[in-house]
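Chains as they are written, first to last, in the working numbering: chain A, 2 to 226; chain B, 33 to 469. Report on the structure given below.
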């Protein structure tokens, strides 16, 4: 997948690139509207991530032209302004999603994957997880043909870990994803641990869950080849 | 009182005073005019008599007698001439009583002594005061009618002119003061008037409003810029830490310290976004067009926050009307308001405590009460709990004092009543009152 990162903060652009490269995305960087416009004309991207406040103009101004050259690309607006008008304007101009800064790179990647699933019809029918199979779209987890009941938050947790497989996610990152802006500011609470315990209990009755690892002091990880 | 009313009252009042004064003075005025006129006509008659005497001789009156007297038929007037033996020269006009054929009549009498052929005569010309005053009453009435008519006419004219004169002021008040809601989105149109004072007032108000608008825009821009300036470095730090943490090569100690840094950064992020949220609410950047089902909202919050009540063993009872709908609110902000209140009720509750959520509807509005069995708030602290960064009875990890400030700004923005009652050690009741339902 090819990604264009339009972001004037060079450090931030670089960190995004580093992160996405690890997930096997190919990245181009543009720090200005002009440079971004050139890139868009010369290349076909799958994703275009656009920051709004750029030194030579508003990132939103890129959208109409970009959509002409890259009609199949998915557009995600990144902004620290976070006001409703910008958000509506962006979505009106055809952006696929909107992420308020500061955002977690994990969140960015999970949004990109969600768009990819919707847009490019990547239908990962069922992902195997040990002896279980998970369908992220229909939100089912099955052992053989038996469906296992997980609560909404438990499934969210599991799918987020699965989306970022082989990566340790901290309790804070997990609660931020699950509770969003209402995530608790009590960082040493064990709500995530309680949910993980429930998942292990529900699944462990049927088959081993050693793919779901506790990384001491850090968080949790799903190991999957 | 309005300026126009004051003017009208003053105009009408002053005119009524003039009418009353004139009515009170009218009898005296008419009487004095009548008496002046009588004096004048008596003198006129005196001149005629003297002229006759000098022309025809006094004997034409006396006809050989020493006296001459003539009355009109109803004794309203008389003329008399008689020899005067006294030494005094008389020339007076006075009101005197005369007995004429057993009737005592009051006369206005001109007395005048003159010499003719070496003899001194006294001339008297009299007129009954009754006949003098006979026109007074009708005269007074006519004068009063004319006056009342004129006064009415001027009052009507005054009302019209006052209204026309004051109308630009009314327009200024209506268009610039009453009908304007901050922020002033469209520019105000000047009110048309030829009155210099109103023109000046109107222009000053427009200039003032423009200045406020400019300042408000600046503040909004500042908020947007400040958020941008704050959020960008936070973003950079966050992404850097995430990448560091994702590095396979790091050991547990490093990972732990990165997590510590991320927690601190998250606090900074939460404080900044809470402040931004408050400033956005204060800048009215949220629409108020949603319909709200309180029962559904509270149930959603219970589901969202359930892990916390479970952890503390708190029993939460929602007892709300299932049919209530609240209109013209922002759903997201309402969620935030009740979420923060309930979150507080959990945070400051005792393990195994209770939270009771009830509602009440009456003519004055719809009220939701959130009643907890927590540690309560001391009376002297109650007035400060909605202030930014003010902590009450809490330990270090119990929030950053912005939750209730957010609640307060959401309530103000929606015109919702917010009330808190608490007893230390017993619990707290937060009441949220919707006046328009």
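From the three backbone atoms N, C-alpha and C, an ideal C-beta is built for every residue, glycine too.
So is residue 107/A in contact with chain B if we call contact Cβ pairs under 8 angstroms?
-> Translated into positions along the first chain, residue 107/A becomes position 106. By this cut-off, residue 107/A is an interface position.
Spatially closest choice to residue 137/B from 245/B, 107/B, 194/B and 228/B, by CA coordinates = Here residue 137/B corresponds to residue number 105 of the second chain, with the count starting at 1. Among 245/B, 107/B, 194/B and 228/B, the Cα nearest to that of residue 137/B is on 107/B.
Opening and closing residue of the beta strand (DSSP E) in which residue 219/A lies | Here residue 219/A refers to the residue found at position 218 of the first chain. Run containing residue 219/A: none; DSSP gives neither H nor E here.
Let me know if residue 102/A comes out buried or exposed under the rule of 16 or more other beta-carbons within 10 Å of its beta-carbon.
-> Within the first chain, the letter at position 101 stands for residue 102/A. So residue 102/A ends up on the buried side.
Using a Cβ cut-off of 8 angstroms, which residues of the segment 12–37 of chain A contact any Cβ in chain B, in chain order?
-> 12, 13, 16, 17, 19, 20 and 23
Beta-carbon gap between residue 170/A and residue 220/A smaller than 8 angstroms = As a first step, residue 170/A is located in the first chain; it is residue number 169 there, counting from the start. As a first step, residue 220/A is located in the first chain; it is residue number 219 there, counting from the start. Yes, they are a contact pair.
How many Å lie between residue 173/B and residue 77/B at the Cα?
-> What you label residue 173/B is simply residue 141 of the second chain in a count that begins at 1. What you label residue 77/B is simply residue 45 of the second chain in a count that begins at 1. So the alpha carbons of these two residues sit roughly 30 angstroms apart.
Mind listing the chain B neighbours of residue 10/A? Cutoff is C-beta to C-beta under 9 angstroms, in chain order.
-> Taking the first residue of the first chain as position 1, residue 10/A is located at position 9. Correct list: 264, 265, 267 and 268.
Could you list the residues in the segment 292–310 of chain B with a C-beta less than 8 angstroms from some C-beta on chain A, going in chain order?
-> 294, 295, 298, 299, 301, 302, 305 and 308
Could you check the C-alpha separation between residue 76/A and residue 115/A for me, to the nearest Å?
-> The residue given as residue 76/A occupies position 75 in the first chain. The residue given as residue 115/A occupies position 114 in the first chain. Spanning the two alpha carbons is a distance of roughly 13 angstroms.
Beta bridge counterpart(s) of residue 389/B as assigned by DSSP | The count along the second chain starts at 1 and reaches residue 389/B at position 357. Answer by DSSP bridge pairing, in chain order: 350/B and 402/B.
Using a beta-carbon distance below 8 angstroms, is residue 392/B in contact with chain A?
-> The residue labelled residue 392/B in the question sits at position 360 within the second chain. It does not; no Cβ of chain A falls within 8 angstroms.
Minimum C-alpha distance to residue 174/A - residue among 111/A, 149/A, 37/A and 63/A = Translated into positions along the first chain, residue 174/A becomes position 173. It is 111/A.
Distance between residue 412/B and residue 347/B (C-alpha atoms, nearest Å) = The residue given as residue 347/B occupies position 315 in the second chain. The residue given as residue 412/B occupies position 380 in the second chain. Those two C-alpha atoms are separated by around 29 angstroms.
State buried or exposed for residue 198/B, treating a residue as buried only when at least 16 other CB atoms are found within 10 Å of its CB.
-> Position 166 of the second chain, counted from the first residue, corresponds to residue 198/B. Its Cβ being crowded by 16 or more others within 10 Å, residue 198/B is buried.
May I ask which residues mark the beginning and end of the beta strand (DSSP E) holding residue 454/B?
-> What you label residue 454/B is simply residue 422 of the second chain in a count that begins at 1. Here the beta strand (DSSP E) through residue 454/B covers 449–455.
CB of residue 146/A to nearest heavy atom of the ligand SAM: below 7 angstroms?
-> In the structure shown, the ligand SAM is absent, as is every other ligand, since no ligand is present at all.
Looking at the C-beta of residue 183/A, does it have a partner C-beta in chain B at a distance below 8 angstroms?
-> Here residue 183/A refers to the residue found at position 182 of the first chain. Interface residue, yes.
Chain C beta carbons: is any one of them nearer than 8 angstroms to that of residue 371/B?
-> Looking for chain C here will not work: the only protein chains present are A and B.
Alpha carbon to alpha carbon, how far is residue 143/B from residue 169/B?
-> Here the question's residue 143/B lines up with position 111 in the second chain. Here the question's residue 169/B lines up with position 137 in the second chain. Each residue's Cα considered, the two are about 29 angstroms apart.
Buried/exposed call for residue 470/B, threshold 16 Cβ in 10 Å = The question about residue 470/B has no answer, for chain B in this structure spans 33 to 469.
Three-state class that DSSP yields for residue 117/B in the structure shown = Along the second chain, read from residue 1 onward, the residue named residue 117/B stands at position 85. Note: residue 117/B maps to coil in three-state DSSP.
Taking only beta-carbon positions, decide if residue 275/B is within less than 8 angstroms of chain A.
-> Working through the second chain from its first residue, we reach residue 275/B at position 243. Chain A, which has a Cβ nearer than 8 angstroms to the Cβ of residue 275/B, makes this yes.
Step through the CB atoms of chain B and report whether any lies within less than 8 angstroms of the CB of residue 195/A.
-> To locate residue 195/A, count along the first chain from 1; it is residue 194. So yes, residue 195/A belongs to the interface.
Range covered by the beta strand (DSSP E) that runs through residue 29/A | Here residue 29/A is taken as the residue at index 28 of the first chain, counted from 1. Looking at the DSSP string, the run of the beta strand (DSSP E) that includes residue 29/A is 27–31.
Report yes if the CB atom of residue 143/A is closer than 8 angstroms to the CB atom of residue 133/A, and no otherwise.
-> As a first step, residue 143/A is located in the first chain; it is residue number 142 there, counting from the start. As a first step, residue 133/A is located in the first chain; it is residue number 132 there, counting from the start. Yes, Cβ-Cβ distance for residue 143/A and residue 133/A is below 8 angstroms.
Beta-ladder partner(s) of residue 127/B, from DSSP | The residue given as residue 127/B occupies position 95 in the second chain. According to DSSP, residue 127/B bridges with 140/B.
So, do the segment 359–368 of chain B and the segment 379–399 of chain B have three or more beta carbon pairs nearer to each other than 8 angstroms?
-> no
For residue 80/A, which three-state DSSP category applies?
-> The sequence position of residue 80/A within the first chain is 79, counting from 1. Residue 80/A: strand per DSSP, three-state reduction.
From the beta carbon of residue 222/A, is the nearest beta carbon of chain B less than 8 angstroms away?
-> Taking the first residue of the first chain as 1, we reach residue 222/A at position 221. Not closer than 8 angstroms to any Cβ of chain B, the Cβ of residue 222/A fails to qualify, so no.
Measure the CB-CB distance between residue 145/B and residue 153/B and report whether it falls below 8 angstroms.
-> Within the second chain, residue 145/B is the residue found at index 113, counting from 1. Within the second chain, residue 153/B is the residue found at index 121, counting from 1. Cβ distance < 8 angstroms, so residue 145/B and residue 153/B count as in contact.
Relative to the C-alpha of residue 316/B, which residue among 445/B, 410/B, 83/B and 327/B is closest?
-> Stepping through the second chain from its first residue, residue 316/B is reached at position 284. Of 445/B, 410/B, 83/B and 327/B, the residue nearest in Cα terms is 445/B.
Label residue 135/B either buried or exposed according to how many other C-beta atoms from any shown protein chain fall within 10 Å of its C-beta, with 16 as the threshold for buried.
-> Here residue 135/B refers to the residue found at position 103 of the second chain. Its Cβ having fewer than 16 others within 10 Å, residue 135/B is exposed.
Does the separation of the CB atoms of residue 42/A and residue 30/A fall below 8 angstroms?
-> As a first step, residue 42/A must be located in the first chain, where it is residue number 41. As a first step, residue 30/A must be located in the first chain, where it is residue number 29. Cβ atoms of residue 42/A and residue 30/A: not closer than 8 angstroms.
Does the beta carbon of residue 217/A sit closer than 8 angstroms to a beta carbon anywhere in chain B?
-> Reading the first chain from its first residue, position 216 is the one you call residue 217/A. Chain B contact via Cβ: present.
Mind checking which residues open and close the beta strand (DSSP E) that includes residue 153/B?
-> Translated into the one-based positions of the second chain, residue 153/B becomes position 121. Note, residue 153/B: beta strand (DSSP E), 151–160.
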